[in-house]
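Residue numbers (the numbering used here), protein chains in the order written: chain Z, 1 to 256; chain Y, 257 to 461.
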């Protein structure tokens, strides 16, 4: 049976990995290539790179780094950040990305999901959604969680899947950076109807949070986190030991 | 020299890089003579069966592949490339394949129990049917490989090397003499995938 996936996420700006806490106050961490190799050796099941560069120069730097990562690390790579056209898809896929994650670009141009799915296949299109509770509903936020679009997150995800999104990354702004666990109620609400893989993001603070995630919301396929991995609070190898001990089906890496 | 067959589908960057990593000399080519000159061939593929089959026919590479196969050259199909080795596929209509391995490619969706997602995407463990096969020289029962597919090869039990369990047994790797295939992506399956590629590259002939 398919294993649950553990996915470290690397935010890259001007060629360096950074991670925001509640999306504010970015801290520089390390080199993307070094971090990616390290994670791959420790048993990460996939890597997600978000390009949070605004300038054209930084973007060029990013694709160079992506190419270097893709020629060094042989696990699936998902790339997001600033993807708003089919040209953007082409640009990162050519550099070795396997999947492309769309967020604000899909909010501005919803037809992009279907266009990309038809050209590259549903499995290539990941819809990333930043959601937050507003007046008892989940709202979709754009621009890195700064702008309330007023759109209902569940409806937006349903529409994204119907249009061809092959995977959903659900990032709860309510739990992001708080490190008290994933947003289980929000994830359960999405998993109740999503018939594509759902990746939980936002809130992981310790290994037990992943155990709770996969136990409480069994239809979640993967857990994504950044800072707890980057700062060594949780090592992926230890996390996988913990999950295996809790009878969660995960991939073990053979070391000799 | 190993030739990765370029017929205009998919991105071959990772595959070429992974072969470099295992120390193999690999060239990406759609040139018939280059494929004839190569010691081994890799047939990659992503997307829909019908499109890929048509491109192979338009470029005439289908005949080159079949001729090289009949001469005994080692060929490894990956993902859709593996599916193309079979006799036919039922993806968006019925299409004939290269017919190098008996069997057919069918939609998994109607055969799965309720609640299982399609595509079958992620890491799944290999169940060895023929663990002694040289492709598995350094891969063991239970090791995980990375899969992304909605169709799978069926009616090919005789040539099946390994399966993956997804409520049903999905064909994961096949071989009929010098013609081999894997449904998973070895170039995206971490160390285990690289070990399989290294074994393929090191095979005799």
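For glycine and all other residues, C-beta sits at the position ideal for the given N, C-alpha and C.
If I measure Cβ to Cβ from residue i and keep anything under 8 angstroms in the same chain, skipping five residues before and after, which residues do I get?
i: residue 37 of chain Z; result: 72 and 73
i: residue 361 of chain Y; result: 305, 339, 342, 344, 345, 346, 347, 353, 407, 408, 409 and 410
i: residue 152 of chain Z; result: 137, 138, 139 and 140
i: residue 161 of chain Z; result: 127, 168, 194, 195 and 196
i: residue 207 of chain Z; result: 234, 238, 239, 242 and 243
Among the candidates the options, whose CA atom is the shortest distance from the CA of residue i?
i: residue 16 of chain Z; options: Z:6, Z:88, Z:2 and Z:32; result: Z:32
i: residue 40 of chain Z; options: Z:245, Z:237 and Z:189; result: Z:237
i: residue 460 of chain Y; options: Y:389, Y:357 and Y:443; result: Y:389
i: residue 325 of chain Y; options: Y:355, Y:412, Y:414 and Y:384; result: Y:355
i: residue 327 of chain Y; options: Y:337, Y:296, Y:302 and Y:349; result: Y:296
i: residue 107 of chain Z; options: Z:148, Z:224, Z:118 and Z:123; result: Z:148
i: residue 45 of chain Z; options: Y:273, Y:279, Y:275 and Y:400; result: Y:400
i: residue 264 of chain Y; options: Y:393, Y:447 and Y:314; result: Y:314
i: residue 364 of chain Y; options: Y:421, Y:312 and Y:358; result: Y:421
i: residue 276 of chain Y; options: Y:259, Y:358 and Y:290; result: Y:259
i: residue 165 of chain Z; options: Z:115, Z:189 and Z:252; result: Z:115
i: residue 130 of chain Z; options: Z:12, Z:60 and Z:156; result: Z:156
i: residue 444 of chain Y; options: Z:42, Z:50 and Z:75; result: Z:75
i: residue 318 of chain Y; options: Y:397, Y:288, Y:427 and Y:438; result: Y:288
i: residue 269 of chain Y; options: Z:81, Z:92, Z:11 and Z:86; result: Z:92
i: residue 81 of chain Z; options: Z:49, Z:125 and Z:248; result: Z:49
i: residue 142 of chain Z; options: Z:253, Z:199, Z:42 and Z:84; result: Z:84
Here's a check: name, in chain order, each residue in its chain whose Cβ is nearer than 6 angstroms to the Cβ of residue i, leaving out the five neighbours to either side.
i: residue 24 of chain Z; result: Interpretation of residue 24 of chain Z is limited by its pLDDT of 43, a score under 50 that renders its predicted location unreliable; the figure taken from the coordinates is listed afterwards. Result list for residue 24 of chain Z: empty, nothing under 6 angstroms.
i: residue 58 of chain Z; result: 14
i: residue 368 of chain Y; result: 423
i: residue 299 of chain Y; result: 261, 333 and 337
Verify the CB distance criterion: does residue i have a CB-CB separation below 8 angstroms to chain Y?
i: residue 34 of chain Z; result: no
i: residue 37 of chain Z; result: no
i: residue 208 of chain Z; result: no
i: residue 253 of chain Z; result: yes
i: residue 55 of chain Z; result: no
i: residue 23 of chain Z; result: Because residue 23 of chain Z carries a pLDDT of 40, less than 50, the predicted location of this residue cannot be relied on, and no value is offered for it.
i: residue 40 of chain Z; result: yes
Leaving out five residues before and five after residue i in sequence, what residues of the same chain have Cβ atoms less than 7 angstroms from its Cβ?
i: residue 95 of chain Z; result: 63, 66, 67 and 70
i: residue 267 of chain Y; result: none
i: residue 22 of chain Z; result: Confidence at residue 22 of chain Z is low in this model, with a pLDDT of 40, below 50, so the placement of that residue is unreliable and no value is reported for it.
i: residue 232 of chain Z; result: none
At the 8 angstroms Cβ level, is residue i part of the contact set with chain Z, yes or no?
i: residue 263 of chain Y; result: no
i: residue 375 of chain Y; result: yes
i: residue 346 of chain Y; result: no
i: residue 407 of chain Y; result: no
i: residue 337 of chain Y; result: no
i: residue 440 of chain Y; result: no
i: residue 434 of chain Y; result: no
i: residue 329 of chain Y; result: no
request  = Kindly confirm or deny that the stretch 195-204 of chain Z and the stretch 365-377 of chain Y touch, where touching means at least three C-beta pairs closer than 8 angstroms.
outcome  = Contact between the stretch 195-204 of chain Z and the stretch 365-377 of chain Y is present, because at least three Cβ pairs lie under 8 angstroms.
Members of the stretch 1-15 of chain Z that neighbour chain Y once the beta carbon cut-off is set at 7 angstroms = The stretch 1-15 of chain Z vs chain Y, Cβ under 7 angstroms: 1, 2, 3 and 5.
query = Any residues in the stretch 61-92 of chain Z with a beta carbon nearer than 9 angstroms to a beta carbon of chain Y? Which ones, in chain order?
reply = Here the close residues are 67, 70, 71, 72, 73, 74, 75, 76 and 77.
inquiry  = With three or more beta-carbon pairs closer than 8 angstroms as the criterion, would you say the stretch 207-222 of chain Z touches the stretch 180-187 of chain Z?
reply    = Of all C-beta pairs linking the stretch 207-222 of chain Z to the stretch 180-187 of chain Z, three or more are shorter than 8 angstroms, placing the two stretches in contact.
ask   = At a cut of 8 angstroms, does the stretch 391-408 of chain Y reach the stretch 307-317 of chain Y through at least three beta carbon pairs?
value = The stretch 391-408 of chain Y vs the stretch 307-317 of chain Y: no contact.
ask   = Mind listing which residues of the stretch 188-213 of chain Z have their C-beta closer than 8 angstroms to chain Y's C-betas, in chain order?
value = From the stretch 188-213 of chain Z, only 195, 196 and 197 have a Cβ closer than 8 angstroms to chain Y.
inquiry  = Check whether the stretch 271-284 of chain Y and the stretch 428-436 of chain Y touch, using three or more Cβ-Cβ pairs below 8 angstroms as the test.
reply    = Between the stretch 271-284 of chain Y and the stretch 428-436 of chain Y there are fewer than three C-beta pairs closer than 8 angstroms, too few to call the two in contact.
task = Output, in sequence order along the chain, the residues in the stretch 215-247 of chain Z whose CB is closer than 9 angstroms to any CB in chain Y.
result = Answer in chain order: 219, 221 and 222.
Members of the stretch 358-390 of chain Y near chain Z, C-beta cut-off 9 angstroms = Residues 371, 372, 373, 374, 375, 376, 377, 378, 379, 380 and 381.
ask   = Which residues, in order along the stretch 289-304 of chain Y, keep a beta-carbon less than 7 angstroms from a beta-carbon of chain Z?
value = Listed by position, the residues of the stretch 289-304 of chain Y near chain Z (Cβ gap below 7 angstroms) are 302 and 303.
message = So if I threshold CB-CB distances at 8 angstroms, which residues from the stretch 133-156 of chain Z count as touching chain Y?
response = Near chain Y, meaning a CB-to-CB distance below 8 angstroms, no residue of the stretch 133-156 of chain Z qualifies.
key: Interface positions of the stretch 163-192 of chain Z facing chain Y (Cβ-Cβ less than 9 angstroms), listed along the chain   = So the close ones are 166 and 167.
request  = Mind checking the stretch 400-427 of chain Y against chain Z and listing, in chain order, the residues whose C-beta falls within less than 7 angstroms of any C-beta there?
outcome  = Those would be 400, 402, 404, 421 and 422, in chain order.
Residues from the stretch 101-133 of chain Z in contact with chain Y, defined by Cβ distance under 7 angstroms = Across the stretch 101-133 of chain Z, CB contacts with chain Y closer than 7 angstroms involve 121 and 123, in sequence order along the chain.
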